[in-house]
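Visitor: Let me give you the structure first, and then I'll get to my questions.
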Amino acid sequence: MKRWSMILLSLALVLPALAQENPPKQDPAKPAAQVVQAKPEAPAAKPQEAEPKPYDKVVTPEFKTQTGLFKAHTSKGKLLLEIPKNELGKDLLLVVQIKNSPSASSYPGQGVDDMIVRWELRENKVLLRAVSYSNIADPNDPIKKAVDAMNTATIMMAFAVEALAADGAPVIDATKLFTSDVNEIGIKKIVGGQNMDASRSFLDKVRVYPLNLNVEALQTFNPKPAQLPAGFPPQYVDMLPSPPSPTALVHYSFVKLPEKPMMGRLLDNRAPYFTHSHTDYSKPDHETTDVAYIARFRLEKKNPGAAKSEPVKPIVFYVDPATPKKWIPYVKKGIEAWQPAFEAAGFLKAIVAKEAPTPQEDPDWSADDARYSVVRWVPSTTANAMGPHVSDPRSGEILEADVEIYHNVQQLARDWYWVQSGPLDPRAKTLPLPDETMGDILLYIITHEVGHSLGLPHNFKASGLYTIEQIRDKNWVKKNSHVPTLMDYARFNYVAQPEDNIDPKDLIPKIGPYDNFIIHWGYAPIPSAKTPDEEKPTLNEWIKVQDKTPYLRFSTAGTRGTDPAEETEAVGDIDAVKATTLGFKNLRRVMAMLPAATLKPLENYDQFSHMYQAVWDQARLEIGHVANIIGGYDSEPKAGTAPGVRFTPLSRARQAEAIAFLNADVFKTPEWLLPVEVLRKLEPTSGQARVLALQQTALNSVLSSARLLRLQEHQAILGDQAYTAARLLADLRGGILTELAETGAKVDPYRRNLQRTYIDLLTARLAPPAAVAGAVLLPSLKDDSRGVIRAELRTIASQLSDDKLSQAGDQATKNHWADLKDQITQALEPKK
Ligand SMILES: [Zn+2]
């Protein structure tokens, strides 16, 4: 599925955990390594460590010197780093990004790693060490020593001290750090090569600023061996052209971390932010606790006494100079859309948009500079956007954030807007959409991505928390948006109807009540608290507002995809049947608009065809939301001693209603999706295959093993009140085999496809697992469901009596029914 946003979690935190879960496996084909007892040899004489040379013999006049965080002396592709003594042993954040690479799997600005490193002087060497903050302890706790020992910092690289400056600062030749492989930095995996070839790798650019050192290097990797397509004999490998060596431009930024880490705010899963988590060994409980600080910018009031004050340092986002001119005002508005939320948390003008300086104004300004947060415009064909950030692992403080908007996100956004809200916006009568509409859509995307940069994860429950009436109320949506947060994947309001007279500007998600709540929860200062733990009572108090106002809630942890009100790409999933019924009304209107909106004299049918497909895709999405009601649970986030349960099975009536919808609007041939003047302008078909594919998607979802097992769970919980698998199958029979109840029925070709597919699906479930293996059908279920399916097939077979067959309205129907009957008989009593 296409997504607008991918969340980049810090790989540095995720990878160690993965490594533990997947211990290296012994290759069974290889014998275990034999331990060969080598004869002890006399140790080779250690070469004399080179003593530092005089400073002026190393830093010769041909070197150009820049001064900042470090001194950088560069000449002819060589980088000498002079590290001031007071920066030795200090924590630095190392951010590595790929700026350019030939690999299709990378994109400009893609993060490789971010990690904490330190430079250490050890006799005649300077060591670069990677520091882990995954285990922490109170500095005053005796356990601190042991915990520090657990975190022994990896030595990434060692450098000889070439010279010492007059003030004692060591000078090292740091070139190899950027022109050879460093095990801890996984560049080659991303660019798709093997080892770096030092002879084809060069330093490109070195820049020093007061708080950071930036280095760019052109790195070439030896290519991976050519791969034969599956099934080709190995001797053909020589005939393959040798793959090219990938060369990438890689950007390194060493950023000075704050001398005093910001006080972290503890994570609460009811109001979550992205986090950095640690294992804390100093907590008074009898076990170690995972302490997680939320990721957020450091905001401190200029005037701490005032209820509202400007921050000492506002959050500044720069607009990439590559942004198309006409979109710049919308990008700026999208960034500053968060201002009112911060104002409610006590900060005036907390978040500010600025246009990046031109090269004339500031030749050193760079979007890659870790001091600047930038909304980048990425010239990629990917239809996506994202909002990664770099934070201080010690406190969660966000030091820098980049929002990346891919040029083609505009196309995806246009498609969705037009098929979801097109009939409600008079400006959408024809395509392309006017710039004003596209700008508002872009503004929403930017605001969402900036939200990630501020520390906010998705909240997919949000779209299921307003009532359908609220979503259709023009005053409500003007004030509260049609979804409580734009951090959901609820796109444009497809539930609203033309008669609701909603202002087209309000069809697009905007900052909602949850966004205001969550920014206040994470950013409002608690001056009385001196430690993260002391903040807890106040934070708990703030969360209580969720009890009275359910739409301020976040997704419940542990739903495992069982809550149909936690959909992505959904509006009004509090009641997906109502929402989809209304959504389908709009889709019918879209279908009627299609020719006039997309056909232009003498032009081809590309856009006409593309948008026709977009209507089908939207229909499939909305049908999926209805199917998810079957076997679903209603979930409610709670904590501690709050009364009641978190998970409640959906009622029998709601599930029966969902199947009734599918019977009426999906299994009964949806002819409105097949207007002759559209379909047969595009393809020489009756649309049978399209319809069947749509129906099959719904059936596969409704009859998935996971869902049938959940119905069994419902029965265990609710007894007779449950919507059981038997009820589900009986209800489906009513919609799929409807003609069996009629006299003289004629089953048309569309319905014959559906009925055959349905019987195929059911009979496949009776086959023993071995017979099903390899087929596209679903795995065999627990015996319990098999029994229900067998009983249902018997019922259907009994209705396909000889009498019934003789009453068929035409020969095609009679043949079809006889065939189904044979198939069921064969499945129930297979001939040996
Ligand atoms: Zn997102």
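Here the sequence shown is numbered in this note's numbering, starting from 843 and rising by one per residue. Backbone N, C-alpha and C define an ideal beta-carbon position, used for all residues, glycine too. Model, not experiment: these values are computed from the prediction.
(1) Applying the 10 Å Cβ sphere with the 16-neighbour rule, what's the burial state of aspartate 1234?
(2) In whole angstroms, give me the CA-to-CA distance for lysine 927 and alanine 914.
(3) Where does tryptophan 1180 fall in DSSP's three states?
(4) Output the residue ranges of the beta strand (DSSP E) runs that lie fully inside the region 1445-1483 and measure 3 residues or longer, sorted by chain position.
(5) Enumerate in chain order the residues of its own chain whose CB-to-CB distance from tryptophan 1180 is below 6 Å, with the five nearest sequence positions on each side excluded.
(6) With a threshold of 7 Å (Cβ to nearest heavy atom), would histidine 1300 be considered close to ligand 1?
(7) Expressed to the nearest angstrom, what Euclidean distance is found between the alpha-carbon atoms of isoleucine 1361 and arginine 1314?
(8) Return the bridge partner residues of tryptophan 1384 from the DSSP annotation.
(9) Since arginine 1494 is in the alpha helix (DSSP H), which residue starts that stretch and which ends it?
(10) So, helix, strand or coil for valine 968, using DSSP?
(11) Valine 1232: which of Trp961, Asp1626 and Phe1139 sits nearest, CA to CA?
(12) Would the C-beta of histidine 1294 count as close to ligand 1, meaning under 7 Å from any of its heavy atoms?
(13) At a cut-off of 7 Å, is histidine 1290 close to ligand 1 when judged by its beta-carbon and the heavy atoms of the ligand?
(14) Quick one: Cα of glutamine 1252 to Cα of methionine 1280, how far?
(15) Would you mind reading off the limits of the beta strand (DSSP E) that contains valine 1325?
(16) Measuring alpha carbon to alpha carbon, tell me which residue in Val1325, Lys1321 and Ser1648 is nearest lysine 1303.
(17) Note down, one range per segment and in chain order, each alpha helix (DSSP H) of at least 4 residues found wholly within the region 1501-1567.
(18) Near arginine 1632, which residues of its chain fall below 8 Å by C-beta distance, leaving aside the five closest residues on each side in sequence?
(19) Between which two residues does the alpha helix (DSSP H) holding glutamine 1649 run?
(20) Hey, glycine 1364 and glycine 1293 are a contact pair by Cβ (cut 8 Å); roughly how many whole angstroms apart?
(21) Suppose only complete runs of 3+ residues qualify. What are the beta strand (DSSP E) ranges in the region 1187-1253, listed by chain order?
(22) How many whole angstroms separate the CB atoms of arginine 960 and alanine 995, which I take to be in contact at a CB cut-off of 8 Å?
(23) Out of Met998, Gly1238 and Gly1529, state which residue places its alpha-carbon closest to the alpha-carbon of leucine 969.
(24) Give the straight-line distance between the Cα atoms of arginine 1213 and glutamine 1262, rounded to the nearest whole angstrom.
(25) To the nearest angstrom, report how far apart leucine 1571 and lysine 1656 are at their CA atoms.
(26) Does the region 1190-1208 come close enough to the region 1308-1323 to have 3 or more Cβ pairs within less than 8 Å?
(27) Rounded C-beta distance between glutamate 832 and lysine 941? I'm assuming under 8 Å.
(28) Could you give the residue range of the alpha helix (DSSP H) that holds valine 1049?
(29) Under a three-way DSSP split, which group does threonine 1279 fall into?
(30) Do three or more CB pairs link the region 1450-1461 to the region 1380-1387 at distances below 8 Å?
(31) Between threonine 909 and chain C, is any beta-carbon pair separated by less than 8 Å?
(32) For proline 1517 and proline 1437, what's the separation of their Cα atoms in angstroms?
(33) Taking the straight line between their C-alpha atoms, what separation do you get for valine 1337 and asparagine 1428?
(34) In this structure, how does DSSP classify histidine 915 when only helix, strand and coil are distinguished?
(35) Determine the direct distance from the alpha carbon of glutamine 1036 to that of alanine 875, and round the result to whole angstroms.
(36) If you pair each beta-carbon of the region 1332-1346 with each one of the region 1441-1452, do three or more pairs fall below 8 Å?
Guide: The structure says:
(1) As a position in the sequence shown, residue 1234 is number 392, starting the count at 1. It counts as buried.
(2) Translated into positions along the sequence shown, residue 927 becomes position 85. Translated into positions along the sequence shown, residue 914 becomes position 72. Computed Cα separation, rounded: 15 Å.
(3) Taking the first residue of the sequence shown as 1, we reach residue 1180 at position 338. Reduced to three states, the DSSP call for tryptophan 1180 is coil.
(4) 1475-1477
(5) Start at 1 with the first residue of the sequence shown, and residue 1180 comes out as number 338. Counting only Cβ-Cβ distances below 6 Å, and skipping sequence neighbours, we find Ile1193.
(6) On the sequence shown, position 458 is the one that residue 1300 refers to. It does: the Cβ of histidine 1300 is within 7 Å (strictly closer) of some heavy atom of ligand 1.
(7) Locating residue 1361 in the sequence shown gives position 519, counting from the first residue. Locating residue 1314 in the sequence shown gives position 472, counting from the first residue. Their backbone Cα atoms lie some 27 Å apart in a straight line.
(8) Translated into the one-based positions of the sequence shown, residue 1384 becomes position 542. DSSP lists no partner for tryptophan 1384.
(9) Position 652 of the sequence shown, counted from the start, is the residue given in the question as residue 1494. Looking at the DSSP string, the run of the alpha helix (DSSP H) that includes arginine 1494 is 1494-1504.
(10) The count along the sequence shown starts at 1 and reaches residue 968 at position 126. The answer is strand: DSSP assigns valine 968 an E or B state.
(11) Working through the sequence shown from its first residue, we reach residue 1232 at position 390. Nearest C-alpha to valine 1232: Phe1139.
(12) For the purposes of this step, residue 1294 is taken as the residue at position 452 of the sequence shown. Checking the Cβ of histidine 1294 against ligand 1 gives yes.
(13) Residue 1290 sits at position 448 when you count from the first residue of the sequence shown. For ligand 1, at least one heavy atom lies less than 7 Å from the Cβ of histidine 1290.
(14) Start at 1 with the first residue of the sequence shown, and residue 1252 comes out as number 410. Start at 1 with the first residue of the sequence shown, and residue 1280 comes out as number 438. C-alpha separation (whole angstroms): 8 Å.
(15) Residue mapping note: residue 1325 aligns to position 483 of the sequence shown, counting from 1. Careful: valine 1325 lies outside any beta strand (DSSP E) and carries neither H nor E.
(16) Residue mapping note: residue 1303 aligns to position 461 of the sequence shown, counting from 1. Taking only the C-alpha atoms, the option nearest lysine 1303 is Val1325.
(17) 1518-1524, 1530-1544 and 1547-1560
(18) Start at 1 with the first residue of the sequence shown, and residue 1632 comes out as number 790. Taken in chain order, the residues that qualify are Leu1608 and Leu1670.
(19) Within the sequence shown, residue 1649 is the residue found at index 807, counting from 1. Unbroken run through glutamine 1649: none, as it is neither H nor E.
(20) Numbered from 1 along the sequence shown, position 522 holds the residue referred to as residue 1364. Numbered from 1 along the sequence shown, position 451 holds the residue referred to as residue 1293. Not confirmed; about 11 Å, so no contact.
(21) 1193-1197, 1215-1220, 1231-1233 and 1240-1248
(22) In the sequence shown, the residue the question calls residue 960 occupies position 118. In the sequence shown, the residue the question calls residue 995 occupies position 153. So it is a contact: roughly 7 Å between Cβ atoms.
(23) Walking along the sequence shown from the start, residue 969 turns up at place 127. Cα-wise, what sits closest to leucine 969 is Met998.
(24) As a position in the sequence shown, residue 1213 is number 371, starting the count at 1. As a position in the sequence shown, residue 1262 is number 420, starting the count at 1. About 40 Å.
(25) By 1-based counting over the sequence shown, the position of residue 1571 is 729. By 1-based counting over the sequence shown, the position of residue 1656 is 814. Leucine 1571 and lysine 1656: Cα-Cα distance of roughly 23 Å.
(26) no
(27) Outside the displayed span of the chain (843 to 1674) sits residue 832, for which this structure offers no information.
(28) In the sequence shown, residue 1049 corresponds to position 207, counting from 1. It should be pointed out that residue 1049 corresponds to arginine in this sequence rather than to valine. Run containing arginine 1049: none in the alpha helix (DSSP H); it sits in the beta strand (DSSP E), 1044-1050.
(29) By 1-based counting over the sequence shown, the position of residue 1279 is 437. Looking at threonine 1279 - three-state DSSP - the assignment turns out to be helix.
(30) no
(31) Included in the structure is just one protein chain, with no chain C present.
(32) Along the sequence shown, read from residue 1 onward, the residue named residue 1517 stands at position 675. Along the sequence shown, read from residue 1 onward, the residue named residue 1437 stands at position 595. Going from the Cα of proline 1517 to the Cα of proline 1437 covers about 11 Å.
(33) For this step, residue 1337 is matched to residue 495 along the sequence shown. For this step, residue 1428 is matched to residue 586 along the sequence shown. If you take the alpha carbons of valine 1337 and asparagine 1428, they lie about 8 Å apart.
(34) Translated into the one-based positions of the sequence shown, residue 915 becomes position 73. The answer is strand: DSSP assigns histidine 915 an E or B state.
(35) Counted from its first residue, the sequence shown places residue 875 at position 33. Counted from its first residue, the sequence shown places residue 1036 at position 194. Note on alanine 875: pLDDT 36, under 50, position unreliable in the model; no value is reported.
(36) no
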